[in-house]
Amino acid sequence: MTQSDGDLSGIRVLDLAAEPGFFAGKVLGDLGADVVKVEPPEGDRARRRGPFWGGVVDAERSLLWLALNTSKRGMTLALDRPRGRELFLALAERADVVLETEAPGSLAARGLGWETLHARNRRAILCSITPFGQTGPRAAWRGSDLTVVATSGNLYATGDPDRAPVRCSLPVSYYHGGLEAAVGVLFALLARDQSGEGQHVDVSLQAAMVMPSIGTAAMFRMNGQRGSRVGAFMHAGRTIQREIWPCRDGFVSFALRGGPARVPGLIAMVAYMDEHGMASARLKAIDWKSYNHNLLTQEDVDFLTREFGAFFATKTTAELYRAACERSLMLAPVNTPREITGSPQLAARGFFVDVENPGRGTLRYPGAFAVTHGARVAIRRPAPRLSSSRACASSSSAAVPPARSPPATSPTTARR
Amino acid sequence: MIRVESRRRPDFLRILRLTPTTPGGVDGSAHFAVLNPNKLSIALDLSRPEGVALARRLAIAADAVAENFAPGAMARWGLDYESLVRERPDLVMISTCLNGQTGPDRAYPGFGGQGSALAGFNHLTGWPDREPVGPFGTITDSLSPRFAALLLAAALVHRRRTGAGQHIDLAQVEAGIVCLSESLLTYTANGEILTRMGNRSRHAVPHGVFRCADEDGRDRWAAIAVHDDEDWRRLAGALGHPAWTLEPVLATVDGRRRHEDEIETRLTEWTATRTAADVAAHLQAAGLDAAPVEDFGDLHDDPQLAHRRHFRTVEHDVLGTHPVETHAIRFSAMEPRIERPAPRLGADTDVVLRELLGIEAAELDRLRAAGVLE
Chain A
7 MTQSDGDLSG IRVLDLAAEP GFFAGKVLGD LGADVVKVEP PEGDRARRRG
57 PFWGGVVDAE RSLLWLALNT SKRGMTLALD RPRGRELFLA LAERADVVLE
107 TEAPGSLAAR GLGWETLHAR NRRAILCSIT PFGQTGPRAA WRGSDLTVVA
157 TSGNLYATGD PDRAPVRCSL PVSYYHGGLE AAVGVLFALL ARDQSGEGQH
207 VDVSLQAAMV MPSIGTAAMF RMNGQRGSRV GAFMHAGRTI QREIWPCRDG
257 FVSFALRGGP ARVPGLIAMV AYMDEHGMAS ARLKAIDWKS YNHNLLTQED
307 VDFLTREFGA FFATKTTAEL YRAACERSLM LAPVNTPREI TGSPQLAARG
357 FFVDVENPGR GTLRYPGAFA VTHGARVAIR RPAPRLSSSR ACASSSSAAV
407 PPARSPPATS PTTARR
Chain B
275 MIRVESRRRP DFLRILRLTP TTPGGVDGSA HFAVLNPNKL SIALDLSRPE
325 GVALARRLAI AADAVAENFA PGAMARWGLD YESLVRERPD LVMISTCLNG
375 QTGPDRAYPG FGGQGSALAG FNHLTGWPDR EPVGPFGTIT DSLSPRFAAL
425 LLAAALVHRR RTGAGQHIDL AQVEAGIVCL SESLLTYTAN GEILTRMGNR
475 SRHAVPHGVF RCADEDGRDR WAAIAVHDDE DWRRLAGALG HPAWTLEPVL
525 ATVDGRRRHE DEIETRLTEW TATRTAADVA AHLQAAGLDA APVEDFGDLH
575 DDPQLAHRRH FRTVEHDVLG THPVETHAIR FSAMEPRIER PAPRLGADTD
625 VVLRELLGIE AAELDRLRAA GVLE
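Those protein sequence lines, which keep their order, are chains A and B.
Residue numbers for the first sequence, in our numbering: 7 to 422.
Residue numbers for the second sequence, in our numbering: 275 to 648.
Now the structure itself:
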């Protein structure tokens, strides 16, 4: 199936965002918006950060840049100079959306803030992604993934009890916040159909990281639970239960909790173990009809943990996941990119795409974040090259690379 | 927002912590309550043809349909996209599960704990010398709803402009992998597997979480990120230029990386005697990126979340007054609205069927007596 226009075809986005906003522009571009990445003349900071493709330190080879700026065209503008500012405003007059991640007030100090933008283009939407939001007592605070996750409750509850709270080593707040920003842009676009006016959309990364604790923050007022770190375990009912289990060659995720939906998987697991002669009489004697993880004692949990743990130790992650798929065991391997790129399921769905990066070769990417008839979500072009972006900035005010270009990607297999 | 529910097979969160003594039973789940405000609930028995017929009429009347059953379940009821679109040509519908609607492992059942592991988040979270952990809260369970909201909004934008609907297949594992594109590309480009590194960063040193003075018997911590050499000079100044910070080798990020253990020990000596709030305020005043680590109780005293009115209060029949969260977006001309608490199971069956489908009271009585309405 060839790639279609996408739902946001014709929506023009000027993307001034640094790393915290890369993902917002990428998902809008993958949905079909015409996203133009506006970089300073020296290039975005992320271009100077490794890892670099092939280990070659080069502004065109930063893998962070290449990963999260797909489906964007590029140009450079010196927003600290009058000419650059005027060019930006001229472009903004014809844009639907401006996306930015500057400190609150920083664009306004250069005469490019919401009031100016709104005066020049009543329909334009300005979306600002910042650590703590545009106003308030901490609006002027510096922040980054580590510090916004720290102030969300999520960090305190992640990690081992005998060590410091710990974050995911990639910046999940930028993905959460980027999605929230893209949703905010679309809500503002829908509202504009009625009002005819754009809005300033203010996204706080801190606030975006509260919901990922799945309601636990609000529940504090009902249960008094401040959160605690239990490592590879989870609190469930009155007990602490293992979630991440060592096996022969790695780790798997498996749980005893989960209500009635979990029970068929537990029954199937015991049957699987029994086929290998590793289900004890006591394990086989459990009455699963009356099983309720909330009523287990820690002694019950420790017994089950010993039984399942001893079995997992004899199996590889691949064996266990194959059995999980065939027998509905509700168990999953702790995957690295090696297992992910080798997944038959992802291959069958044509998830990975090979993206041609001009002058550098082809690189395999995770493809669309959702599947629709006609591939309406897709990587539409590689991340922009700094050399091309500079070239179009020096030609004329409206010159950005052509919106249409030959297909940049080829699915590794057919996708729907 | 109308939730179509079942009393015989209640929602996962309604029964996750249910015991025989839970006040309110399936209506007494705090977890369900904090995640489902602003919704109406209708209870149908989908094992009866008349129940399915009502669900079908609701789907045809709705602006969009969202479901996360195992692939094939909707088709067995005749409620899948292909069936519904025949009556509603501009239908917008999203189906979401872990592995997606197609492929050999589409039927694989799992929760967010499995999604997080499959997508690669667990491998990247924790300490390099220890087993991996999940980011608290099974992260694909929080990313996927945001992807779903984005996709539905885009589909509605598109339908307004063209009149065309669509069916969206959101595989939660795939969407999570797209977030981690940097890790995937590092492998496909260089064969290198990025792994968990505690709180350290490949680009910034020091970058960590440091023990502060205990308060009320609780462990307290501060997060500090020194992004570049200029930040390092600011940090040295904020500490009062103690001798160890003046070592020339520490002036560059490469030098600091070689002495990262020692820097972390020294910094902890400084933070350990101070409160987390003082550490953060002092370092922010010096222009640094630092913050107190807040637990779930602290969030209710957080001045910035209070300024944004992140939490709003609702009055729940069983649970009483309790907070719920708003989203993280603030608009210059729209305000987030929390208009009602999470519904009791089936609380709105009559009003929804009457107002949306025009079903009369006598017919509602008949359907209830027949067990179609639960």
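Don't be surprised by glycine CBs; every beta carbon is placed ideally from N, CA and C.
From a predicted model like this one, the values you see are computed outputs, not experimental measurements.
Handout entry: Inter-residue Cα distance where the pair is S77(A) and P388(A)
Key = S77(A) and P388(A) have their C-alpha atoms some 6 Å from each other.
Handout entry: Neighbour list for H282(A) in chain B, Cβ cutoff strictly below 7 Å
Key = The contacting residues do not exist; H282(A) stays about 21 Å from chain B at best.
Practice task
Please decide whether H241(A) counts as near chain B, where near means a Cβ-Cβ distance under 7 Å.
Solution key: no
Handout entry: the stretch 227-244 of chain A touching the stretch 417-433 of chain B, judged by at least three CB pairs closer than 8 Å
Key = no
Problem - Anticipated Cβ contact below 8 Å, V447(B) with T414(B), distance rounded - result: 7 Å
Problem - Partners in chain B for C253(A), counting only beta-carbon separations shorter than 8 Å - result: Here the premise fails: no neighbours, minimum Cβ distance about 11 Å.
Handout entry: Contact set between the stretch 401-420 of chain B and chain A, restricted to residues whose Cβ is under 8 Å from the partner
Key = Along the stretch 401-420 of chain B, going in chain order, the ones with a CB nearer than 8 Å to a CB of chain A are W401, R404, E405, P406, V407, G408, P409, F410, G411, T412, I413, D415, S416, L417, R420.
Problem - Whole-angstrom distance between E313(A) and T419(A), CA atom to CA atom - result: At T419(A) the pLDDT is 47, less than 50, meaning the model places this residue with poor confidence and gives no usable figure here.
Practice task
Could you tell me whether the Cβ atoms of A554(B) and A564(B) are closer together than 7 Å?
Solution key: yes
Practice task
Can you tell me which of T122(A), F260(A), D50(A) puts its alpha carbon nearest to the alpha carbon of L74(A)?
Solution key: D50(A)
Handout entry: Proximity test, Cβ basis, 7 Å: C133(A) and chain B
Key = Contacts with chain B at 7 Å (Cβ-Cβ) do not include C133(A).
Exercise for the section: Could you have a look at T376(B) and say whether DSSP puts it in helix, strand or coil? Expected result: If DSSP states are grouped into helix, strand and coil, T376(B) belongs with coil.
Handout entry: Any C-beta of chain A under 7 Å from that of W495(B)
Key = yes
Problem - Buried versus exposed, by CB contacts within 10 Å (16 or more), E589(B) - result: exposed
Handout entry: S606(B), DSSP secondary structure in three states
Key = coil
Exercise for the section: In the DSSP assignment, find the unbroken alpha helix (DSSP H) run with N363(A) in it and report its ends. Expected result: First-last for N363(A): 358-363, but that is the beta strand (DSSP E), not the alpha helix (DSSP H).
Handout entry: Where the beta strand (DSSP E) containing W495(B) begins and where it ends
Key = 495-499
Problem - Alpha-carbon to alpha-carbon, T107(A) and F94(A) - result: In this structure, the CA atom of F94(A) is about 16 Å from the CA atom of T107(A).
Problem - Members of the stretch 371-403 of chain A near chain B, C-beta cut-off 9 Å - result: Y371, P372, G373, A374, F375, A376, V377, T378, H379, G380, R382, V383
Problem - Start and end residues, beta strand (DSSP E) containing Q440(B) - result: 440-445
Exercise for the section: Give a yes or no on whether the minimum CB-CB distance between R144(A) and chain B is below 7 Å. Expected result: yes
Problem - Contact the stretch 239-254 of chain A vs the stretch 171-191 of chain A: 3+ CB pairs below 8 Å - result: no
Handout entry: Continuous alpha helix (DSSP H) assignments of at least 4 residues falling wholly in the stretch 406-493 of chain B
Key = 414-436, 446-453, 455-464
Exercise for the section: Could you tell me how far apart the beta carbons of R288(B) and D319(B) are, in whole angstroms, since I believe they sit closer than 8 Å? Expected result: With a contact defined as Cβ atoms closer than 8 Å, R288(B) and D319(B) miss out at about 16 Å.
Handout entry: Residue-chain proximity (G472(B), chain A), Cβ-Cβ < 7 Å
Key = yes
Exercise for the section: Only counting runs of 3 or more residues, tell me where the beta strand (DSSP E) segments fall wholly within the stretch 254-337 of chain A, in order along the chain. Expected result: 257-260
Practice task
Determine which residues share a DSSP beta bridge with L105(A) and list them.
Solution key: D21(A), C133(A)
Exercise for the section: Measure the Cβ-Cβ separation of L85(A) and A30(A) and say whether it is below 7 Å. Expected result: no
Practice task
State yes or no: is the C-beta of S175(A) nearer than 6 Å to some heavy atom of the ligand GTP?
Solution key: With respect to small molecules bound, the structure shown includes none, and the ligand GTP cannot be examined in it.
Handout entry: Alpha-carbon spacing of A635(B) relative to A197(A), whole angstroms
Key = Our two residues, A635(B) and A197(A), have alpha carbons roughly 36 Å apart in a direct line.
Handout entry: Residue of A125(A), R366(A), G204(A), P110(A) minimising C-alpha distance to P143(A)
Key = P110(A)
Exercise for the section: Below 8 Å between beta carbons is the criterion; list the residues of the stretch 165-186 of chain A that meet it against any residue of chain B, in chain order. Expected result: Against chain B - using a Cβ distance shorter than 8 Å - the residues of the stretch 165-186 of chain A are G165, D166, R169, A170, P171, V172, R173, C174, S175, L176, V178, Y181, H182, G183, L185, E186.
Problem - Bounding residues of the alpha helix (DSSP H) (the contiguous stretch that carries R531(B)) - result: 527-532
Handout entry: Closer than 7 Å to chain B by CB, V209(A)
Key = Closer than 7 Å to some Cβ of chain B, the Cβ of V209(A) qualifies, so yes.
Handout entry: Cβ of E456(B) within 7 Å of any chain A Cβ
Key = yes
Exercise for the section: Taking V154(A) as the reference, give the member of T545(B), K313(B), A602(B) with the closest Cα. Expected result: A602(B)
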